[in-house]
Ligand code: C5P
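Residue numbers (the working numbering): 7 to 242.
What follows is the structure, given as structure tokens:
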């Protein structure tokens with residue numbers, strides 16, 4: 007995108023991968039003014055997280071709804087309209103042309119931005135083959151990245167390892183949003199392809215999604231602020 011225009015603080019998106027609204031609210035309270043952007047996915051979304059998303063957006067926070075929509079165009083469009091009314095900033099859809107087109111058309115006139123998920127990072131070439139695809143992961147990511155750009159999608163979710171290759175394919179007008187971030191020295195958990203915040207920014211990421219290194223830290227606020235400081239440093 008245009009890196010200078012997004013403040014370093016706003017580039018950190020904290021993933022609220024928590025079982026209840028009460029657990030999410032406790033973390034949000036501890037993070038206070040330090041975090042401006044939150045991601046809500048399946049777990050919290052289906053446990054009361056959508057009203058929380060609306061409340062967060064109403065209180066001035068940005069919200070990324072990681073709902074990975076994919077359905078017939080009309081259903082996607084109506085869903086996107088409802089998400090836009092919640093005041094969310096980002097919404098994910100799977101990178102199928104019909105789905106992306108329906109989502110992009112339906113978000114017109116709102117502040118909602120559509121992010122495409124190209125190929126789930128848990129898929130390798132053999133998983134794609136088993137699902138009936140002829141392309142390998144790298145080629146399908148590239149093809150879907152190009153389609154996303156052509157259809158006017160606002161951003162792409164990718165692993166940080168794919169960020170620099172994707173950046174070459176889609177140019178600098180699309181937001182790249184990367185999970186799989188681990189500050190040096192923090193536990194990797196189940197993440198395999200990880201990068202530090204500084205390296206992900208250097209690879210071309212605009213926004214970093216970070217969950218457990220913040221939400222499970224003994225001092226979540228200090229952990230978030232350390233990541234934001236690393237982002238700021240990487241941008242200079
Ligand atoms: O706790 P952690 O930092 O690993 O959380 C990363 C978040 O990003 C989770 O919500 C996870 O579902 C999401 N994500 C990911 N890898 C992807 C896509 C999304 O880790 N390829």
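Backbone N, C-alpha and C define an ideal beta-carbon position, used for all residues, glycine too.
DSSP, read as helix, strand or coil, puts residue 213 in strand. Residue 24 and residue 30 have their C-alpha atoms roughly 6 Å apart. Sequence-distant partners of residue 153 (beyond 5 residues in either direction) whose C-beta falls short of 6 Å from its own C-beta, in its chain, are 103.
For the options 97, 168, 88, the alpha carbon positioned closest to that of residue 75 is the one of 97.
For the 8 Å CB-CB criterion, residue 164 and residue 182 form a contact. Distances from the alpha-carbon of residue 50 to those of 114, 81, 28 put 28 closest. In the DSSP assignment, residue 195 falls outside any alpha helix (DSSP H), carrying neither H nor E. Looking at the DSSP output, residue 181 bridges to 161. Judged by DSSP secondary structure, residue 135 falls outside any beta strand (DSSP E) and instead within the alpha helix (DSSP H) spanning 131 to 136. Counting along the chain, residue 56 sits inside the alpha helix (DSSP H) bounded by residues 56 to 64.
The criterion of a C-beta distance shorter than 8 Å is satisfied by residue 232 and residue 189.
Between residue 18 and residue 59, the C-beta gap is not smaller than 8 Å, which leaves the two residues out of contact. When the Cα atoms are used, residue 201 and residue 138 turn out to be separated by approximately 31 Å. Shortest Cα-Cα distance from residue 204 to any of 238, 195, 176 involves 238.
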